[in-house]
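J.:
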Amino acid sequence: MDAGDRERLLHGTHHAPHSVLGAHPVPGGIAFRAFRPYARAVTVVSGGMTVGLHDDGDGFFSGLLPLREVPAYRLRVAYEATEVETEDAYRFLPTLGELDLHLIGEGRHEELWTVLGAHPTAHQGVSGTRFSVWAPNALGVRVAGSFNFWDGTGFPMRSLGSSGVWELFVPGIGEGELYKFEITRPDGSKTLRADPMARRTEVPPATSSIVTSSRYEWGDAQWLERRAEVPAHRAPLSVYEVHLPSWRPGLTYRQLAEQLPAYVADLGFTHVELMPVAEHPFGGSWGYQVTGFYAPTARLGTPDDFRYLVDALHRAGIGVIMDWVPAHFPRDEWALAEFDGRPLYEHSDPLRAAHPDWGTLEFDFGRREVRNFLVANALYWCEEFHIDGLRVDAVASMLYLDYSREPGQWTPNEHGGRENLDAVAFLQEMNATVYRRVPGVVTIAEESTAWDGVTRATHHRGPSGFGGLGFGLKWNMGWMHDSLEYMSHEPVHRRYHHGEMTFSMVYAYSENYVLPISHDEVVHGKRSLVSKMPGDWWRRRADLRAYLGFMWAHPGKQLLFMGQEFAQGAEWSEAHGPDWWLLDPHYGAEADHRGVRDLVRDLNTVYRASPALWQYDTEPAGFRWVTGDAADDNVLAFLRYDADGSPLLAVSHFAPVVRHDYRIGVPDDVPAWHEALNTDAARYGGSDVTSPDTVKPEPQGWHGLPASIRLTLPPLATVWLRPA
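Using my numbering, you'd call the opening residue of the sequence shown number 14 and step up by one each time.
Shown next as structure tokens:
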């Protein structure tokens, strides 16, 4: 062997080990070369022929056989205490084709997870696992794992041209093997890295990747066929947000599948939203600092176990939205940070790479391979795990170059603006690709600014000159902040904050909105939802019920975090999850908490049966103020309409008094109204100021409408009325 080849193989810097190792025609016959560190002897076995190779030292063995062509052969390798017969990894052709490499180079491989990573397969008639990884700056890459005692010396990978991809087919190993990539960096140092494309990982704090394949057989075909029938913004969408590790601490994916679908279906939610399930090293990040973008967290089971949970939810008629985190990643030295010795997934400019808020690194959205990694990841969750929606975290931090940065800490874009044009292009590509490939899936932006066109189609340019970002829905952070601020005031002061409850309708149709009461609002000293309300325990619960009734009637979809559905008083903690003991029949105040949960169930039931509350969520024709200016009375009243013009009247009263004969304007084409829901009902823990009888309009015009009805408004309550 050439001395240079020998040196590079020993030091893990050879880019083409297959050109040296294996069997090759040379003058005089076929040269066999093997690199087997720690072996005492290596023998070539072919048919009835057995030929020992010469020990060249340092683990190299070679021999020249007087053959005309390379035969089918195996290697018999003798170690100190054992002897194994195996295929030679260096006799195999590459497992990636030219088209795959072309698409990777273009950043357009929409099924990237099928070619990169570790895949058990049969190659040239031999079973094994094909490994491949993108590491364009590496001097060399080797595979280390449980199958070679974590010594990758004898398993160098080959570089596939200018693609930056390294590849090796390792015969004889399969599912369950642990592995990492040993990368020789440009400075000659070495780093052991988890596979960025790993589809299964060890349970944290262990960090190895695991060779895996799926054998799961889905049972949700009917669900998938149906989900694309109506776009999300014109369908009922009521979301229960769940942190899976703490919903019922200790449960696995399969155990959750026995409890979560039944619970959510009983409460009437249409969807669950799972806080990030992609693998993450630190549980306290709640999944928002991801290291394994293609692997469901191993804390709760295997990838197929997670499929089982999604399938169970679908079979219970519940959609699954998943939090997805393409904005940033942590700096762990075994993961993506400076993956091959230089900035690769992160931006090369340290100011652009460092996320100012979370101590993490931002993706380089301008690099086509990185965009491909993320776009394919969005598709991966939707196609491989049948996810129905992606809630994209921290979109605002991606869109603005000056996000949380002071002057001098950021550089304007080519037009002199603060917009991150690379991130805009990435989000547009991701949304367009997901909607094209996976009909029925919805993407949802957690975007906290007034960026123009978050839910506008990517090909429609707005006044800012940008095409829309292409999301299906956007979290309405303004509504959330304003309405919670209003509710935090004592009722006597709410008249001075009335506009905080009405301002959302000024911009309600600028985007397709979700109204989020998420985990972010019930942690870090913000208090739980019921604890944000002023007054004594009775008033807090009454305020909470009235607020939920207002929220469910307001244009937009609903999202409620776990524990808030039964008025948990304490903040959420990922260590112990919701306070389920509050619903124990032996607990003295159990009825108070059960009453709120019963209300949530009834809100969802009436909501789903009332197209007026969701069909025209994104169109002005679906809403009309009856009174938005009754600040002194703490009253808000509005009409919602479905596509046929059938109305629902919602009246919210945020004062702790009863108002008798309160006149409300109504249309004159409804002969009678009846209460569809009253948050003050006794079964919810209210004072039971209800109106079981139908209410007939009087011909007296009021609030700009031709007729009116007189209602008794319960204290701190929301009442819904429908045509009788």
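Don't be surprised by glycine CBs; every beta carbon is placed ideally from N, CA and C. Since the model is a prediction, treat every value here as computed from it, not as a measurement.
Since Glu382 and Trp147 are thought to touch, with beta carbons under 8 Å apart, how far apart are those beta carbons, to the nearest angstrom?
T.: Within the sequence shown, the letter at position 369 stands for residue 382. Within the sequence shown, the letter at position 134 stands for residue 147. Right, the Cβ-Cβ distance comes to about 6 Å (below 8 Å), so this counts as a contact.
J.: Tell me the rounded alpha-carbon separation between Arg540 and Arg553.
T.: The count along the sequence shown starts at 1 and reaches residue 540 at position 527. The count along the sequence shown starts at 1 and reaches residue 553 at position 540. Approximately 13 Å between the Cα atoms of the pair.
J.: Name the DSSP bridge partner or partners of Leu572?
T.: If you number the sequence shown from 1, residue 572 lands on position 559. Answer by DSSP bridge pairing, in chain order: Val252, Pro529.
J.: Between Leu7 and His399, which are expected to be in contact by the criterion C-beta below 8 Å, what is the C-beta distance as a whole number of angstroms?
T.: This structure cannot speak to residue 7, because the chain is shown only from 14 to 737.
J.: Who are Phe3's beta bridge partners in DSSP?
T.: What the structure shows of the chain is the stretch from 14 to 737, and residue 3 is not part of that stretch, so it cannot be assessed.
J.: Could you give the DSSP three-state label for Met288: helix, strand or coil?
T.: Mapped onto the sequence shown, residue 288 falls at position 275. In this structure, Met288 counts as coil in the three-state DSSP scheme.
J.: Since I believe Ala308 is in contact with Glu292 (beta carbons under 8 Å), could you give me their beta-carbon distance rounded to a whole number of angstroms?
T.: The sequence position of residue 292 within the sequence shown is 279, counting from 1. The sequence position of residue 308 within the sequence shown is 295, counting from 1. Going by Cβ atoms, the distance from Glu292 to Ala308 rounds to 4 Å, so yes, they are a contact pair.
J.: Start and end of the alpha helix (DSSP H) containing Leu726?
T.: Against the sequence shown, residue 726 aligns to sequence position 713. From DSSP, Leu726 is part of no alpha helix (DSSP H) but of the beta strand (DSSP E) over 720-726.
J.: Exposed or buried, which one is Ser531 when buried takes at least 16 other CB atoms within 10 Å?
T.: As a working mapping, residue 531 is identified with position 518 in the sequence shown. Flag for Ser531 reads buried.
J.: Got a sec, what are the start and stop residues for the alpha helix (DSSP H) Ile117 sits in?
T.: If you number the sequence shown from 1, residue 117 lands on position 104. It spans 111-119 - the alpha helix (DSSP H) in which Ile117 sits, taken as one unbroken run.
J.: In whole angstroms, what is the alpha-carbon distance linking Leu626 and Pro339?
T.: Residue 626 sits at position 613 when you count from the first residue of the sequence shown. Residue 339 sits at position 326 when you count from the first residue of the sequence shown. Cα to Cα, Leu626 sits roughly 32 Å from Pro339.
J.: What do you get for Val454, buried or exposed, if any count of 16 or more other CB atoms within 10 angstroms of its CB means buried?
T.: Start at 1 with the first residue of the sequence shown, and residue 454 comes out as number 441. Result: buried.
J.: Does DSSP put Tyr520 in a helix, a strand or coil?
T.: If you number the sequence shown from 1, residue 520 lands on position 507. In this structure, Tyr520 counts as coil in the three-state DSSP scheme.
J.: Measure the C-alpha to C-alpha separation of Phe378 and Ala634 and round it to an integer number of angstroms.
T.: Residue mapping note: residue 378 aligns to position 365 of the sequence shown, counting from 1. Residue mapping note: residue 634 aligns to position 621 of the sequence shown, counting from 1. Rounded to whole angstroms, Phe378 to Ala634 spans 39 Å at the Cα level.
J.: Taking the beta strand (DSSP E) that Arg672 falls in, what are its first and last residues?
T.: Within the sequence shown, numbered from 1, the residue matching residue 672 stands at position 659. 672-679 is the span of the beta strand (DSSP E), which, as asked, contains Arg672.
J.: Quick check: what's the CA-CA separation for Arg104 versus Gly35?
T.: Here residue 104 refers to the residue found at position 91 when the sequence shown is read from its first residue. Here residue 35 refers to the residue found at position 22 when the sequence shown is read from its first residue. Rounded to the nearest angstrom, the two C-alpha atoms are 5 Å apart.
J.: Can the beta-carbon of Asp164 be found less than 8 Å from the beta-carbon of Pro30?
T.: Start at 1 with the first residue of the sequence shown, and residue 164 comes out as number 151. Start at 1 with the first residue of the sequence shown, and residue 30 comes out as number 17. Their beta carbons are not under 8 Å apart, which means Asp164 does not touch Pro30 by this criterion.
J.: Just to confirm my understanding: we take Asp465, look at its own chain, exclude 5 residues before and 5 after, and list those with CB closer than 6 Å. What are they?
T.: The residue you call residue 465 lines up with position 452 of the sequence shown. Cβ neighbours of Asp465 beyond the five flanking positions: Gly475, Ser477.
J.: Compute the Euclidean distance between the alpha carbons of Leu572 and Phe48, then round it to the nearest angstrom.
T.: Sequence index remark: in the sequence shown, residue 572 carries index 559 (1-based). Sequence index remark: in the sequence shown, residue 48 carries index 35 (1-based). If you take the alpha carbons of Leu572 and Phe48, they lie about 58 Å apart.
J.: Using the Cβ count rule (16 or more neighbours within 10 Å means buried), how would you classify Asp605?
T.: Along the sequence shown, one-based indexing puts residue 605 at 592. The residue in question, Asp605, is buried, as its Cβ has 16 or more Cβ neighbours within 10 Å.
J.: Where in the stretch 591-678 do unbroken runs of the alpha helix (DSSP H), each at least 4 residues long, occur, reported from the N-terminal end onward?
T.: 603-621, all fully within the stretch 591-678.
J.: Among Gly512, Ser501, Leu482, Asn525, which residue has its Cα nearest to the Cα of Asn489?
T.: Here the question's residue 489 lines up with position 476 in the sequence shown. Considering only alpha carbons, the answer is Asn525.
J.: Are the stretch 671-682 and the stretch 590-604 touching by the rule of at least three beta carbon pairs closer than 8 Å?
T.: With the cut-off at 8 Å, the stretch 671-682 and the stretch 590-604 do not touch.
J.: Cutting at 8 Å between CB atoms, please list the residues of its own chain near Ala278, excluding the five before and the five after it.
T.: Locating residue 278 in the sequence shown gives position 265, counting from the first residue. Correct list, in chain order: Ala329, Gly330, Ile331.
J.: Let me confirm a value: Leu326 is counted as buried when at least 16 other C-beta atoms fall within 10 Å, else exposed. Which label applies?
T.: Position 313 of the sequence shown, counting from 1, holds the residue named residue 326. Answer is buried; the Cβ neighbour count reaches 16.
J.: Could you pull the DSSP bridge partners for His400 from this structure?
T.: Taking the first residue of the sequence shown as position 1, residue 400 is located at position 387. According to the sequence provided, residue 400 is Ile. The question's His does not apply to it. In DSSP, Ile400 forms no bridge with anything.
J.: By DSSP, does Val543 sit in helix, in strand, or in coil?
T.: Looking up residue 543 in the sequence shown gives position 530. Of the three classes helix, strand and coil, the one that applies to Val543 here is helix, per DSSP.
J.: DSSP puts Phe182 in a beta bridge; with which residues?
T.: Taking the sequence shown and counting its residues from 1, one reaches residue 182 at position 169. BP columns for Phe182 point to Arg143.
J.: Checking 8 Å against the spacing of the C-beta atoms, do Ala583 and Asp592 come in under that value?
T.: Within the sequence shown, residue 583 is the residue found at index 570, counting from 1. Within the sequence shown, residue 592 is the residue found at index 579, counting from 1. Result yes, Cβ atoms of Ala583 and Asp592 sit closer than 8 Å.
J.: Measuring CB atoms only, is the stretch 493-510 touching the stretch 434-449, in the sense that at least three cross pairs come out at less than 8 Å?
T.: Result no; under three Cβ-Cβ pairs closer than 8 Å.
J.: Rounding to the nearest angstrom, what Cα-Cα distance links Arg320 and Glu397 in this structure?
T.: In the sequence shown, the residue the question calls residue 320 occupies position 307. In the sequence shown, the residue the question calls residue 397 occupies position 384. Going from the Cα of Arg320 to the Cα of Glu397 covers about 8 Å.
J.: With a Cβ-Cβ cutoff of 8 Å, do Ala668 and Trp733 count as a contact?
T.: In the sequence shown, the residue the question calls residue 668 occupies position 655. In the sequence shown, the residue the question calls residue 733 occupies position 720. Against a cut-off of 8 Å, the Cβ pair of Trp733 and Ala668 comes out as no contact.
J.: Considering just the uninterrupted stretch of the beta strand (DSSP E) at His37, what are its terminal residues?
T.: Translated into positions along the sequence shown, residue 37 becomes position 24. Counting along the chain, the beta strand (DSSP E) containing His37 begins and ends at 35-39.
J.: With a threshold of 7 Å (Cβ to nearest heavy atom), would Val619 be considered close to the ligand NAD?
T.: What this structure holds is no ligand at all, so the ligand NAD is not there to describe.
J.: DSSP beta-bridge partners for Glu514?
T.: Position 501 of the sequence shown holds residue 514. Residue identity check: residue 514 is Met in the sequence provided, not Glu. Met514 is not bridged to any residue.
J.: Between the stretch 138-146 and the stretch 181-190, can you find at least three pairs of beta-carbon atoms closer than 8 Å?
T.: The stretch 181-190, when compared against the stretch 138-146, does touch it at the 8 Å Cβ threshold.
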